[in-house]
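Oh and the sequence shown: position 38 is 66 in this note's numbering, straight run, nothing missing. We treat Cβ as the ideally placed atom computed from N, Cα and C, and that holds for glycine. It should be emphasised that the depicted structure is a prediction, and the values quoted were computed from it without experimental measurement. Note sheet for the following structure.
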Amino acid sequence: MQKVSLPVKKNIAIFIAILFHVCGAIGILFTPYKDWFIANTPFNLLLMTALLFWVQQRKNIGFFLFFSICFLVGMGTEMIGVNTGRLFGNYHYGTILGKKLNGVPFLIGINWFMVVFSAGILMSKVTNWVEDKYDSLGVRLKPSLKTFSLIFDGAILATLFDYHLEPVAIKLTFWQWKEGTPPVFNFICWFAISANLLWLFKILHFDKDNQFAVHLLIIQALFFITLQVYLP
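Below, the structure written as structure tokens:
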């Protein structure tokens, strides 16, 4: 059997991601099957994660270590948040996202990986592009500045993603806040935790050229922004 090339994998993954998110948006906004589409959110998240793994080149120990740490940190910090309110704020998860551990769905740990990994890939490409532009002008960009930009800007990107996700997740009852809306503290925690995970992203050695991750982040962001605007 002929091996599927990386460009073909990427195009297949992008097509599937667009198809599922467009169908999901239409199903939630314009059909009487809204509840069915919402109930299948866990399948969509798992499928997108599987596609990220499928497109990822040279899946070495660094990649699996990053995935594992993102999952564990995501689950651990969310457990602290749900059970104490000392991180993120006072909130609780509904039943839609599936099985939980100490009040936190396992899918949340996977979601932390997807968001931070995709933000890291995007910012890695941006910082490399900026470095190439500086090199073409004969100017050497300091490695420390490049690292700072990847971590800081990547954390801002991940936090903005959560900002657009929050109102949609509340309306779809993925989770609920005691105050009705997320506090500013939630976004501060998202930035701080994402920044630390992006520092790990930077120092671990694995392939950081997963172009599907960039497309997935954009597709998901557009999906949530669309629902944020049009969901009653």
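Item	Value
Nearest-angstrom Cα separation, counted from THR105 out to ILE138	13 Å
DSSP three-state assignment for LEU129, whether helix, strand or coil	strand
Where HIS243 sits in the DSSP three-state scheme	helix
Bridge-paired residues (DSSP) for HIS120	GLN204
Outcome for TRP218 when other beta-carbon atoms lying within 10 angstroms are tallied against a minimum of 16	buried
VAL132 vs MET103 beta-carbon contact at 7 Å	yes
Inter-residue Cα distance where the pair is GLN248 and ILE54	14 Å
Within 7 Å, strictly: CB atoms of PHE71 and PHE141	no
CB contact flag (LEU226, ALA183, <7 Å)	yes
Endpoints, alpha helix (DSSP H) assigned at ASP181	171 to 199
CA-to-CA distance, ILE149 to GLY90, given in whole angstroms	15 Å
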